[in-house]
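Start counting the sequence shown at 21; every next residue gets the next number (the numbering used here).
One structure is given below, encoded as structure tokens.
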Amino acid sequence: MKLKTFIKPEEIKKRIKNLTSQILKDFKNEIYIIGVLKGSFVFLSDLIREFPQDKKVILDFIQVKSYQKDRKGNIEFVKDITIDIKNKEILLVDDIFDTGETLKFLIDHLKKNKPKSIKLCTLLYKFQNILCLRKVRNIYLQLLLGCICCS
Numbered sequence: 021m022k023l024k025t026f027i028k029p030e031e032i033k034k035r036i037k038n039l040t041s042q043i044l045k046d047f048k049n050e051i052y053i054i055g056v057l058k059g060s061f062v063f064l065s066d067l068i069r070e071f072p073q074d075k076k077v078i079l080d081f082i083q084v085k086s087y088q089k090d091r092k093g094n095i096e097f098v099k100d101i102t103i104d105i106k107n108k109e110i111l112l113v114d115d116i117f118d119t120g121e122t123l124k125f126l127i128d129h130l131k132k133n134k135p136k137s138i139k140l141c142t143l144l145y146k147f148q149n150i151l152c153l154r155k156v157r158n159i160y161l162q163l164l165l166g167c168i169c170c171s
């Protein structure tokens, strides 16, 4: 099977620069970034490279795994965050917004630590799941680079 390129690398780079500008407007002071492993790693690296050198970034990672044996799916932690996020503005970065279940689980978990706010940034979302965005309430979706259309 041959893969088709939907977004050219130079377009991704341009959009990441624009996204970084938006993030810097929203996060005036230090920025606490939590990357969802393992998918967000490359996207998050590209994003952070665009920040100015004097921008204070506190970075941590979280990792879960889910089992889809039944329709509900069980989610369990592989790695939790190690930083204190109480009263902090958080940017949660993932590679893809699929069903929204994992991100909702992570956001609910992070809220237990009483952050000031949680904003979500994903590289892609599945167009067929646009209605599932409602599952992630009170979360600002920064900018989505593209979509995967599935039938």
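Note that the Cβ used here is the ideal one computed from N, Cα and C, for glycine as well.
Item, Value
"Delimiting residues of the alpha helix (DSSP H) encompassing lysine 131", "121 to 131"
"Environment of serine 41 [buried if 16+ CB atoms lie within 10 Å]", "exposed"
"Secondary structure of aspartate 115, DSSP reduced to three states", "strand"
"For methionine 21 and arginine 69, the rounded distance between their alpha carbons", "33 Å"
"Nearest residue (CA-CA) to tyrosine 145, options Lys136, Lys139, Asp118, Glu50", "Asp118"
"Helix, strand or coil at lysine 34 [DSSP, three-state]", "helix"
"Nearest candidate by alpha-carbon position, reference leucine 57, set Asp128, Ile82, Phe47", "Ile82"
"Presumed contact (8 Å Cβ cut-off) between valine 62 and phenylalanine 71, rounded CB distance", "Not a contact, Cβ separation roughly 16 Å."
"Host alpha helix (DSSP H) of phenylalanine 63 (start-end)", "61 to 69"
"Rounded separation between glutamate 30 and aspartate 66 - CA only", "12 Å"
"Where threonine 142 falls, given that 16 or more other Cβ within 10 Å makes a residue buried", "buried"
"Residues sharing a beta bridge with isoleucine 54, DSSP", "Asp80, Leu112"
"Terminal residues of the beta strand (DSSP E) in which isoleucine 105 lies", "Per DSSP, isoleucine 105 belongs to no beta strand (DSSP E) and is neither H nor E."
"Bridge-paired residues (DSSP) for isoleucine 95", "Ser86"
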